[in-house]
Amino acid sequence: MSVSISITLDTRRLKQKTGKYPVKLLLIYEGKPQRYQTTYDLSEAEYKSLSASRVSESTMKIRDSLKMIRRKAEDAAAALDPFTFEEFEKTFILNNPLFRQRQQLKTRAVKSFATSEDFDYSPYFKKFPILTALPSEPGTFGFTYLSYIKKLIQQGRLGTAISYHCSYSSLMTFRSNIRFTNITVNFLYQYEQWTKERGIAKATQGIYLRNLRAIFNEAIADGIISKEKCYPFGRRKYQIPTGRNIKKALKLDQIEKIYFYEPACESERRAKSFWLFCYFGNGMNPKDVALLRYKNIHGEYLIFERAKTERTARTDPKPITIFINPDMWATIEEWGNKDKNPENFIFPILHEGITPLRLYDLVQNFIGTINKWMEIIGAKLGIDKKLTTIVSRHSFSTVMKNSGASTEFIQEALGHTDKRTTENYLDSFEKEIKKEFAGKLVPFKKPPKETDDLAKVS
Numbered sequence: 005m006s007v008s009i010s011i012t013l014d015t016r017r018l019k020q021k022t023g024k025y026p027v028k029l030l031l032i033y034e035g036k037p038q039r040y041q042t043t044y045d046l047s048e049a050e051y052k053s054l055s056a057s058r059v060s061e062s063t064m065k066i067r068d069s070l071k072m073i074r075r076k077a078e079d080a081a082a083a084l085d086p087f088t089f090e091e092f093e094k095t096f097i098l099n100n101p102l103f104r105q106r107q108q109l110k111t112r113a114v115k116s117f118a119t120s121e122d123f124d125y126s127p128y129f130k131k132f133p134i135l136t137a138l139p140s141e142p143g144t145f146g147f148t149y150l151s152y153i154k155k156l157i158q159q160g161r162l163g164t165a166i167s168y169h170c171s172y173s174s175l176m177t178f179r180s181n182i183r184f185t186n187i188t189v190n191f192l193y194q195y196e197q198w199t200k201e202r203g204i205a206k207a208t209q210g211i212y213l214r215n216l217r218a219i220f221n222e223a224i225a226d227g228i229i230s231k232e233k234c235y236p237f238g239r240r241k242y243q244i245p246t247g248r249n250i251k252k253a254l255k256l257d258q259i260e261k262i263y264f265y266e267p268a269c270e271s272e273r274r275a276k277s278f279w280l281f282c283y284f285g286n287g288m289n290p291k292d293v294a295l296l297r298y299k300n301i302h303g304e305y306l307i308f309e310r311a312k313t314e315r316t317a318r319t320d321p322k323p324i325t326i327f328i329n330p331d332m333w334a335t336i337e338e339w340g341n342k343d344k345n346p347e348n349f350i351f352p353i354l355h356e357g358i359t360p361l362r363l364y365d366l367v368q369n370f371i372g373t374i375n376k377w378m379e380i381i382g383a384k385l386g387i388d389k390k391l392t393t394i395v396s397r398h399s400f401s402t403v404m405k406n407s408g409a410s411t412e413f414i415q416e417a418l419g420h421t422d423k424r425t426t427e428n429y430l431d432s433f434e435k436e437i438k439k440e441f442a443g444k445l446v447p448f449k450k451p452p453k454e455t456d457d458l459a460k461v462s
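Residue 462, in my numbering, is where the sequence shown stops; the numbers in between run on with no holes.
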């Protein structure tokens with residue numbers, strides 16, 4: 005059944021302020037009418053004059069515009085197979101400047117758009133507002149951000165999805181949802197300056213802009229844009245700023261203070277145990293701690309694959325092997341699951357059958373609890389750095405480096421696929437070591453007193 009489309013004057017509701025009626029696009033399909041209000045309001049006399057043979061220039065513009073609306077509406081309806089009012093609203097009415105955007109229509113379209121796929125995104129609406137935003141047009145950065153964030157959610161990569169959503173939100177705040185062709189080198193420099201003025205760290209700027217660059221590459225791969233015509237990154241174009249890595253490692257004497265600290269309560273004892281478990285365990289990531297199962301214990305060693313590199317190193321996974329020292333065994337005995345079935349998680353942080361969203365939240369809660377109580381411990385010990393789990397990881401790598409371990413050894417221990425990532429982790433040598441090496445440059449130089457003594461002897 006075809007769709008009947010016409011332009012009508014809705015005389016059911018007179019606008020008191022103007023004394024005019026709204027002009028609407030009327031669709032009738034399978035006996036059901038649906039009206040969409042245009043931006044035009046006319047009196048009955050003005051509406052009748054549209055069909056006159058001689059009209060004023062202003063009336064002619066309105067008549068031509070209404071004819072164009074009807075013609076394009078017919079084309080849009082004909083392109084839908086099967087036709088539904090919801091699809092018509094999404095493809096033709098929404099964001100169309102010639103129509104008034106009613107809230108009811110927006111809400112219905114968002115709900116239809118967000119639930120039109122097989123994957124159920126509704127549990128993610130709160131964490132990812134982009135999922136309930138009005139659909140973006142292809143060619144805008146919002147369209148590709150949404151597509152990529154959905155892909156990440158489906159893969160269970162929620163941490164990465166959140167990072168992309170943060171960069172999307174920042175760009176939306178800066179300049180709203182514009183087309184890729186409008187994101188020029190000059191635009192990127194303006195955005196960089198805008199983030200600086202708002203106190204956003206250079207490292208965060210880099211994350212947002214690297215994410216945007218990846219979105220450009222996604223759009224190119226999808227055939228939405230051409231790299232030759234509108235790619236603003238690269239040599240002689242825009243260079244993404246790189247923030248100097250803030251060194252997070254502790255010195256050995258600070259780690260010693262933590263090790264011998266007597267916790268004041270169970271929460272402190274638990275936080276200290278897991279912080280040191282990460283430190284002794286090759287600077288293990290807390291998510292990997294949460295995912296450990298008893299089957300990962302092979303005699304005196306833990307052998308597992310990092311959750312972070314499970315996807316990127318799928319064809320050549322390199323398991324991490326960690327010697328379980330007595331302190332790690334003590335943590336397993338005190339805080340581990342008592343049922344040591346090989347398939348059971350070692351620690352009762354996660355449980356079977358949880359969704360990726362729930363897994364993410366539980367891991368974040370685990371990290372947050374450790375960081376909260378370790379901050380309290382750090383304050384008591386007079387340590388001027390926040391004792392986060394990241395500090396534990398950086399401390400492991402730096403202690404290894406200062407002990408003479410090679411970068412390749414540390415790279416393997418940390419589970420990094422790229423040596424440059426390991427180099428970013430490694431802290432600079434302590435000042436005392438630098439001073440010692442500086443002295444080695446002038447072994448021929450003698451202290452003044454020693455020189456005087458030699459002169460006397462001669």
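Where is the CB? At the ideal position from N, CA and C, for every residue including glycine.
* Asked: Helix, strand or coil: how does DSSP classify F433 here?
  -> Low confidence applies to F433: its pLDDT is 48, below 50, so where it sits in the model is not reliable enough to give any reading.
* So what's L102 in DSSP terms, helix, strand or just coil? -> coil
* So the alpha helix (DSSP H) T136 belongs to, where does it begin and stop? -> From DSSP, T136 is part of no alpha helix (DSSP H); its letter is neither H nor E.
* Of the residues L363, G163, K252, the one placed nearest T402, counting alpha carbons only -> K252
* K241, DSSP secondary structure in three states -> coil
* To do: Would you tell me roughly how many angstroms separate the C-alpha atoms of T319 and I307, rounded to the nearest one?
  => Note that T319 has pLDDT 49, beneath the 50 cutoff, so the model's placement of it is unreliable and the number below is only indicative. The straight-line gap from Cα to Cα measures roughly 18 Å.
* Asked: If you draw a straight line from the C-alpha of L256 to the C-alpha of L216, how long is it?
  -> 40 Å
* To do: State the DSSP-derived secondary structure class of Q20, mapped to helix, strand or coil.
  => coil
* **Reference I371, options I350, P290, I204, closest by Cα** => P290
* To do: Just the C-alpha distance for K21 and Q159, rounded to the nearest angstrom, thanks.
  => 54 Å
* Proximity of I224 and Y152 at Cβ, strictly below 8 Å -> Result no, Cβ atoms of I224 and Y152 do not sit closer than 8 Å.
* Do you know offhand how far L280's Cα is from Y263's? -> 8 Å
* Asked: In three-state DSSP terms, what is I9?
  -> I9: strand per DSSP, three-state reduction.
* Bridge partner(s) assigned by DSSP for L54 -> BP columns for L54 are empty, so no partner.
* **Option in G203, S8, Y128 with minimal Cα separation from E34** => S8
* Asked: Can we say the segment 121 to 138 touches the segment 332 to 347, given the rule of at least three CB pairs closer than 8 Å?
  -> Cβ pair count under 8 Å is below three, so no.
* What are the partner residues of P37, as DSSP defines its beta bridges? -> I32
* To do: May I ask you to check if the CB of Y298 is nearer than 7 Å to at least one heavy atom of the ligand ZN?
  => Within the structure as shown, the ligand ZN is missing, as the structure has no ligands at all.
* Asked: So, are the CB atoms of I134 and Y172 less than 8 Å apart?
  -> yes
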